[in-house]
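Data first, discussion second: the structure below is written as C-alpha cells.
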Amino acid sequence: MSAADEVVTTARENPYGIEVLGVEPIPPELRHGGPRSLFTLWFGANTQFATLSVGALSTAVFGLDLVPALLAIVLGTLISSVLVGVLSTRGPATGLPQLIQTRGPFGWFGNLPAVVSTAVGGIGWYVVDTTLGIFILRDLFDIGFTPSLLIMVLAQLIVPLIGYRLIHAMEKWLASGLVCVFAVVTAYAVGQVSLTTAAHPAGSVVGAFLLTVSVTGARGLGWSAYASDYSRYLPAGTSGRRVFAAAAGGSIVSGVWIGGLGAALGTVAEVADPSSMVRQFLPSVLGTVVLVSLLLSTLASTVLDLYSGSMAALAAGVRIPRWVSVVLVCLIGSVLAWWAGQHDFVTTFQNFLLITSYWLAPWAAVTVTAFFRRGGTVATAAELSDRRRRFGWGLPATVLGVVASIPFMSQSVYTGPIAAAHPDIAGLGHVIGCTVAVLAYIAVTALDQERVTA
Numbered sequence: 009m010s011a012a013d014e015v016v017t018t019a020r021e022n023p024y025g026i027e028v029l030g031v032e033p034i035p036p037e038l039r040h041g042g043p044r045s046l047f048t049l050w051f052g053a054n055t056q057f058a059t060l061s062v063g064a065l066s067t068a069v070f071g072l073d074l075v076p077a078l079l080a081i082v083l084g085t086l087i088s089s090v091l092v093g094v095l096s097t098r099g100p101a102t103g104l105p106q107l108i109q110t111r112g113p114f115g116w117f118g119n120l121p122a123v124v125s126t127a128v129g130g131i132g133w134y135v136v137d138t139t140l141g142i143f144i145l146r147d148l149f150d151i152g153f154t155p156s157l158l159i160m161v162l163a164q165l166i167v168p169l170i171g172y173r174l175i176h177a178m179e180k181w182l183a184s185g186l187v188c189v190f191a192v193v194t195a196y197a198v199g200q201v202s203l204t205t206a207a208h209p210a211g212s213v214v215g216a217f218l219l220t221v222s223v224t225g226a227r228g229l230g231w232s233a234y235a236s237d238y239s240r241y242l243p244a245g246t247s248g249r250r251v252f253a254a255a256a257g258g259s260i261v262s263g264v265w266i267g268g269l270g271a272a273l274g275t276v277a278e279v280a281d282p283s284s285m286v287r288q289f290l291p292s293v294l295g296t297v298v299l300v301s302l303l304l305s306t307l308a309s310t311v312l313d314l315y316s317g318s319m320a321a322l323a324a325g326v327r328i329p330r331w332v333s334v335v336l337v338c339l340i341g342s343v344l345a346w347w348a349g350q351h352d353f354v355t356t357f358q359n360f361l362l363i364t365s366y367w368l369a370p371w372a373a374v375t376v377t378a379f380f381r382r383g384g385t386v387a388t389a390a391e392l393s394d395r396r397r398r399f400g401w402g403l404p405a406t407v408l409g410v411v412a413s414i415p416f417m418s419q420s421v422y423t424g425p426i427a428a429a430h431p432d433i434a435g436l437g438h439v440i441g442c443t444v445a446v447l448a449y450i451a452v453t454a455l456d457q458e459r460v461t462a
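Each residue of the sequence shown is one higher than the one before, starting from 9 at the first, in the numbering used here.
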C-alpha cells in the first residue's frame, strides 16, 4: 500500500479525528455535507472585528458620511463575495483545495508565487485578527500584551489542527450566536449614530469613496484564495448554483451588515484602539457582551487563516503532515503579531489590506477568467499534478496586472506617481490591475490556441 493510500485509509477509519488528508483529491466515500454549511461558514468568518474595523475606517478615518460609506461597503463586499462564490463551486467538482486548482492556468512552478502570496496573506490575516483579539483581552481583563498573545495562540490553534469538520461545526455554532448579539447592537445603534461624520476626507469625497471600496473589497478578497478549501468535501454532484448562493450569500450578508455597523459606529467613535471603539459607543454591560462575542468571532477567522495558510505550504510540495504545517504557520504568525502590536494598528492594517490586494485582485480575476474560458471546468487531476507543465499564461498576465496598478498604489509604504498627482483616483488601481490581467490572459491564450490549431 502506498503512502497516499495509507492516508486515505486512515481518513476513512477515523473521519472525526484529526484530518490527515492534505492537498490530495477527496475520494467519493469521504464526501459529505451540503451547501448550507458554506453559508454559515462564510457568514461566521466575516462576522468579525476586522469587518467592523474596516467599516469604521470609512467614516472615522476616510471621512465619508454614513450613506456614501454604506454604498461603498456594499459595492466592495459584492465584488469580493462573488469571487468567493464562483471559486467555491469548484470544490465539489474537483475535491481539491484552491491552490492546487490554480496550477491549471498558472502551471506547477508558475503557481508558486500564488502559493507564497497565499501563505503570506494567511499569516498576515492571522496577525491582524490575533492583534484585534489581544486588544479585546487587554480591555476585558486588564492583562499585558504578551499574556494576551499566548492566550490567543492557544485558543486559535486547536480547531485548525483537527481540521475541516470541526471548522464547519464551529462556524455554524458561532454564526447562530453572533446573529443574536449583533441584532441587539444594530437595534441599539439606530438611535445613536449620525448620518454625518466629524472626520473630513484628506482629499475629495470621490477619493474617499473609492478608497473605501478598495479596502472593503481587499478584506473579502483575502478569502478568494481559500474558497474551495471549504467546499472540496461536498459530494461531486452538489449543485454549483447552490454552492455559489450559499458561499457568496454568507459573505454578502455578514460583510454588508457588520461593515455597515462599523461605519455607523465610526460616525460617533474613534478607532485608534478598535476595542475602545465599542466601549465608547455601548453601555458597559452590552459593550462587554459584544467584546466577548467579537473575541469569539476572531476565532472564526483565524482558524481559516491557519488552515488554508498551512495548505499553501503543502501546495508548494513541502512534504510534511498537515498539522505540522498548521503549527509552523501559527508560530510565524504569532511572532509577527507580537511585532505588529507594538506599532500603529490603523495604519498597519490599512497598508496590509491594500498591499496584499494588489496581487490578489488580478490573480483572482485571472483564475475566474480561466475557469470560464474552459467552459466552467478546471484542468484534470493529471494535468494539475504534472510538474512538466511548469508555467501557464496566468502568471505573466497577473504580473502585468500588478505592474499596471503600480502607478495607482497609495499607502504610507509607497505612493505611485499617478496616485501622488491625482489622489482622488488612486482607488482605481485594483480595477486597472484586474482589467489588464484579464485582457492579457484572454489575448495570450487566444493566440496560443490559434498556434496549436494552425
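Quick reminder that beta carbons are idealized off the backbone N, C-alpha and C, glycines included.
On the criterion of 16 or more Cβ atoms from any shown chain inside 10 Å, does residue i qualify as buried, or is it exposed?
i    : result
G230 : buried
R395 : exposed
L140 : buried
P105 : buried
T377 : buried
P291 : exposed
V343 : exposed
E27  : buried
A226 : buried
H208 : exposed
F416 : buried
R382 : exposed
Quick one: grab the DSSP three-state call for residue i.
i    : result
S202 : coil
T97  : coil
T423 : strand
S418 : strand
S305 : helix
W347 : helix
P291 : coil
A324 : coil
F117 : coil
E21  : Residue confidence is low: E21 scores 46 on pLDDT, short of 50, so the model does not pin down where it sits. Its coordinate-derived value is still stated next. Of the three classes helix, strand and coil, the one that applies to E21 here is helix, per DSSP.
A233 : coil
R39  : coil
L29  : coil
L242 : coil
I131 : helix
Tell me which same chain residues have a C-beta within less than 8 Å of the C-beta of residue i, skipping the five on either side of it?
i    : result
V92  : W50, G228, W231, S232, A235, A255, A256, S259
W346 : F153, T154, L157
S202 : L74, T275, V276
Report the residue from the options whose alpha carbon sits nearest the alpha carbon of residue i.
i    : options                : result
E32  : S393, G63, T443, F47   : S393
G30  : M319, P243, R146       : M319
A323 : G118, D137, I426       : G118
I414 : G441, P431, S301, H430 : G441
A191 : I266, Y315, M178       : I266
A163 : G225, S96, L304, A216  : L304
G295 : T306, V193, T205, G325 : V193
H438 : W367, L314, T453, F143 : W367
V62  : Y449, F416, V264       : V264
L455 : A122, W401, V444, H430 : W401
R173 : G185, D137, R381, G41  : G41
H430 : L72, Q457, V214        : V214
L312 : T102, Q56, I175, P425  : I175
Beta-carbon within less than 6 Å of residue i's beta-carbon, same chain only, minus the 5 sequence neighbours each way: which residues are those?
i    : result
R111 : N119, L392
G341 : I131, Y134, V135
A183 : T48, F51, G52
L60  : I266, G270
V90  : A256
Can you find the residues in the same chain that come closer than 7 Å, C-beta to C-beta, to residue i, ignoring five residues on each side of it along the sequence?
i    : result
R39  : Y241, L242, P243, A244
V123 : L107, A320, A323, A324
A451 : none
V297 : V189
Is residue i near the ligand ADP, with its Cβ less than 7 Å from a heavy atom?
i   : result
V90 : Among the components of this structure there are no ligands whatsoever, and the ligand ADP is therefore not found.
Problem set entry | Runs of alpha helix (DSSP H) lying entirely within the region 372–411, each at least 4 residues, in chain order | Unbroken alpha helix (DSSP H) stretches of 4 residues or longer found wholly inside the region 372–411: 389–393, given in chain order.
Contained alpha helix (DSSP H) runs [length at least 4] in the region 52–107, N- to C-terminal order:
The qualifying runs are 57–64, 74–96, 98–102.
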